[in-house]
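Same order as they appear, the protein sequences are chains A and B. Numbering-wise (my numbering), the first sequence opens with residue 1 and increments by one. Numbering-wise (my numbering), the second sequence opens with residue 236 and increments by one. Beta carbons are placed, not taken as given, at the ideal position from N, Cα and C, and that holds for glycine. All values reported here derive from a predicted model rather than from experimental measurement.
Number of protein chains: 2
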Amino acid sequence: MPDDLSLRVTPQPVRRQVEERLRDAIITSRFAPGEHLSDRMLCDLFGVSRGVIREAVRLLEAEGLIHVVPNRGPFVAYLSAAEATQVYEVRAVLEALAGQGFAERASAEEIAELRAVYEELAATRPGSDRLVLLGLKRRFYDVMLRGCRNAYVARMLDQLLNRNSQLRATTLSDPTRLPQTIIEIRRIVEAVERRDRDGAWEACRDHVMQAARVALRILNEQAAMASRAAETAAD
Amino acid sequence: MPDDLSLRVTPQPVRRQVEERLRDAIITSRFAPGEHLSDRMLCDLFGVSRGVIREAVRLLEAEGLIHVVPNRGPFVAYLSAAEATQVYEVRAVLEALAGQGFAERASAEEIAELRAVYEELAATRPGSDRLVLLGLKRRFYDVMLRGCRNAYVARMLDQLLNRNSQLRATTLSDPTRLPQTIIEIRRIVEAVERRDRDGAWEACRDHVMQAARVALRILNEQAAMASRAAETAAD
DNA sequence: GGGCCCAGGATTGACAGACAATTCTACAGG
DNA sequence: CCTGTAGAATTGTCTGTCAATCCTGGGCCC
Chain A
1 MPDDLSLRVT
11 PQPVRRQVEE
21 RLRDAIITSR
31 FAPGEHLSDR
41 MLCDLFGVSR
51 GVIREAVRLL
61 EAEGLIHVVP
71 NRGPFVAYLS
81 AAEATQVYEV
91 RAVLEALAGQ
101 GFAERASAEE
111 IAELRAVYEE
121 LAATRPGSDR
131 LVLLGLKRRF
141 YDVMLRGCRN
151 AYVARMLDQL
161 LNRNSQLRAT
171 TLSDPTRLPQ
181 TIIEIRRIVE
191 AVERRDRDGA
201 WEACRDHVMQ
211 AARVALRILN
221 EQAAMASRAA
231 ETAAD
Chain B
236 MPDDLSLRVT
246 PQPVRRQVEE
256 RLRDAIITSR
266 FAPGEHLSDR
276 MLCDLFGVSR
286 GVIREAVRLL
296 EAEGLIHVVP
306 NRGPFVAYLS
316 AAEATQVYEV
326 RAVLEALAGQ
336 GFAERASAEE
346 IAELRAVYEE
356 LAATRPGSDR
366 LVLLGLKRRF
376 YDVMLRGCRN
386 AYVARMLDQL
396 LNRNSQLRAT
406 TLSDPTRLPQ
416 TIIEIRRIVE
426 AVERRDRDGA
436 WEACRDHVMQ
446 AARVALRILN
456 EQAAMASRAA
466 ETAAD
């Protein structure tokens with residue numbers, strides 16, 4: 001089996017760069033949900049040919065980040081409240097599995113790395129930028145998904161995290177939520193340090209379920225705000 | 236929110252057909268794992284242009300069915316024993332979640348449908364063709380993934396089932412395995428009929444874990460056989 | 001004013017051809 | 001037997017073309 005630390009270099013086609021940058025642009029909300037990503041616009045933006053753009057779009061379509069309407073082209077995927085509920089349901093079990101795997105199989109170095117990222121996260125002050133927080137949390141997951149020694153759970157969780165990154169950025173930067181998040185994550189780190197597979201499972205699962213609660217509350221508030229705005233506009 | 240029973244018709248681009256047929260060809264082993272899928276060959280085979288082929292390949296790459304090596308093109312993905320273990324680990328929790336969701340949220344019609352597919356499966360005789368069995372089992376999953384009311388678990392499980400369909404076909408058609416499979420599936424159906432969410436979770440999880448045991452045994456046998464063949468060849 | 005229809009422009013979906021860069025293949029030479 | 005290299009084949013990318021479809025805006029009728 002090839003080692004993950006393999007020194008093999010592989011050329012990176014232009015296509016990959018476009019995939020990565022476009023993915024990143026969507027995740028960091030530089031394109032708004034529902035926005036139309038027309039061929040020509042992306043060609044100009046990235047300075048590549050239509051073929052490359054279309055291939056990248058197909059890949060992100062399969063990842064669920066882009067929704068393609070026949071004869072109308074690609075749009076940035078939009079996550080409804082109902083879908084968000086489903087995403088959190090799946091995330092709960094996948095993160096639990098990842099946490100369990102990490103507790104069982106991560107190296108001592110990886111556990112130390114996880115704690116280091118946790119300490120960094122715990123040291124942030126409430127006013128931090130959404131994207132900074134999201135980036136930190138992302139690093140936490142990167143360590144976790146690497147250490148759980150299961151490329152499939154890593155891939156699928158990665159997709160889910162990207163899919164609802166917008167909502168996650170919102171909940172993370174909620175000032176009342178952040179201290180709670182830090183406590184939950186500490187539980188994960190501590191369970192992992194004890195090599196407690198069931199504890200890690202529970203802590204991860206609990207963390208996602210708490211996040212889901214906050215996310216759905218925010219979604220409801222937004223919906224209420226939107227309907228109130230609609231009423232005002234109708235006056 | 237758009238109803239799943241929407242009568243809306245959407246045009247099907249050529250691209251989609253190629254995606255579906257190519258996916259199907261890989262799943263049903265009409266292309267062997269590791270086989271090289273060169274542009275020109277696929278162009279001739281499907282009678283479409285390179286652009287369409289390349290877009291379809293990109294989609295199946297994201298689904299994990301195709302592995303792309305830079306400057307060497309796409310290859311049918313190959314599942315190692317280590318990866319198979321990981322796939323079964325993820326499948327176990329996702330199927331458990333799907334089963335639980337089905338027990339909670341499926342309609343009475345869907346539950347009846349699940350039983351109907353089960354009865355059909357239970358009525359097969361041991362000698363049946365691998366692909367026939369795989370198709371039946373697939374219909375079982377189709378009902379389950381529709382009734383669990385979670386599009387994300389459905390999508391991810393769908394990908395995983397495709398990803399190791401070859402191995403599944405092998406284990407399913409193992410004559411000693413089939414009766415056991417049927418018993419396990421009956422447990423799922425019965426739990427669902429009782430609306431027993433925990434029971435459905437356990438039954439689904441157990442089913443996957445049993446399948447994993449058989450699959451890994453077969454993989455080991457194949458490995459042993461291969462090494463024996465290598466010895467013979469070396470004589 | 002509101003609704004309907006239609007022409008024109010813009011965009012998507014698909015095709016063919018071209019070309020540099022890379023990889024594979026096979027053959028000759030040490 | 002190993003090595004090196006020339007030529008063929010393939011990939012990655014770009015450009016241009018064209019039909020089909022969608023959106024827009026204006027004109028027309030009620």
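Measure the beta-carbon distance from residue i to residue j and round it to whole angstroms, keeping in mind my assumption that it falls under 8 Å.
i        : j        : result
Asp431/B : Ala338/B : 6 Å
Ala214/A : Arg177/A : Sequence inspection shows Val at residue 214/A; the Ala mentioned does not correspond to that position. Indeed, because the Cβ distance is near 5 Å, the residues count as touching under 8 Å.
Glu113/A : Val153/A : In fact, because the Cβ distance is near 18 Å, the residues do not count as touching under 8 Å.
Leu136/A : Glu120/A : 6 Å
Gln394/B : Glu290/B : About 18 Å separates the two Cβ atoms, so there is no contact after all.
Met391/B : Met156/A : 5 Å
Gly336/B : Cys439/B : That pair is no contact at about 10 Å.
Leu314/B : Leu257/B : At roughly 18 Å, the Cβ-Cβ gap does not stay under 8 Å, so Leu314/B and Leu257/B are not in contact.
Val93/A  : Val328/B : 5 Å
Ala343/B : Leu451/B : Not confirmed; about 38 Å, so no contact.
Val381/B : Glu345/B : The amino acid occupying residue 381/B in the given sequence is Arg; Val does not appear at that position. That belief holds up - the Cβ atoms of Arg381/B and Glu345/B are roughly 7 Å apart, short of 8 Å.
Counting only C-beta atoms, is residue i closer than 9 Å to chain A at any point?
i        : result
Arg395/B : According to the sequence provided, residue 395/B is Leu. The question's Arg does not apply to it. Yes - at least one Cβ of chain A is within 9 Å of the one on Leu395/B.
Arg360/B : no
Met391/B : yes
Val427/B : no
Using 10 angstroms around the beta-carbon of residue i, count the other beta-carbons present and answer buried if the total reaches 16, otherwise exposed.
i        : result
Gln222/A : exposed
Gln12/A  : exposed
Ile183/A : exposed
Arg403/B : buried
Val237/A : The requested residue 237/A is not part of the displayed model; chain A covers only 1 to 235.
Tyr88/A  : buried
Val311/B : buried
Asn385/B : buried
His207/A : buried
Pro243/A : The question about residue 243/A has no answer, for chain A in this structure spans 1 to 235.
Val90/A  : buried
Arg194/A : exposed
Val287/B : buried
Asn220/A : exposed
Arg265/B : exposed
Taking C-beta pairs closer than 9 Å, name the residues in chain A that residue i reaches, listed in chain order.
i        : result
Val443/B : None at all; the shortest Cβ gap to chain A is about 12 Å.
Pro268/B : Those do not exist, as Pro268/B stays about 16 Å from chain A at its closest Cβ, beyond 9 Å.
Give me the chain B residues within the contact set of residue i, using Cβ-Cβ distance strictly less than 8 Å, ordered along the chain.
i        : result
Arg93/A  : Sequence check: residue 93/A is Val here, not Arg. Those within 8 Å of Val93/A in chain B are Val328, Leu329, Ala331 and Leu332.
Arg54/A  : Gly286 and Glu290
Ala151/A : Glu318 and Gln321
Quick one: list the residues of chain B neighbouring residue i, beta-carbon separation under 9 Å, in chain order.
i        : result
Thr171/A : Residues of chain B passing the Cβ test: none, with the nearest at roughly 18 Å.
Glu89/A  : Leu332, Gly336, Asn385, Tyr387 and Val388
Using a Cβ-Cβ cut-off of 9 Å, state whether residue i counts as contacting chain B.
i        : result
Asn220/A : no
Arg21/A  : no
Gln17/A  : no
Leu216/A : no
Gly73/A  : no
Arg101/A : According to the sequence displayed, residue 101/A carries Gly and not Arg. It does: the Cβ of Gly101/A has a partner Cβ on chain B nearer than 9 Å.
Gln166/A : no
Asp129/A : no
Could you list which residues in chain B have their beta carbon closer than 7 Å to that of residue i, in chain order?
i        : result
Glu202/A : Within 7 Å Cβ-Cβ: nothing; Glu202/A doesn't reach chain B, min ~14 Å.
Glu63/A  : Ala297
Gln78/A  : According to the sequence provided, residue 78/A is Tyr. The question's Gln does not apply to it. In chain order: nothing, as chain B lies at least about 12 Å away.
Mind pulling the chain A residues with CB within less than 8 Å of residue i?
i        : result
Leu294/B : Arg58, Leu59, Glu61 and Ala62
Pro305/B : Thr10, Pro11, Gln12 and Pro13
Jot down the residue ranges of each uninterrupted beta strand (DSSP E) in the region 31 to 105 of chain A, minimum 3 residues, whole runs only, in chain order. 66 to 69 and 73 to 76
Whole alpha helix (DSSP H) runs in the region 138 to 214 of chain A with 4 or more residues, listed along the chain? 151 to 163, 165 to 172 and 177 to 193
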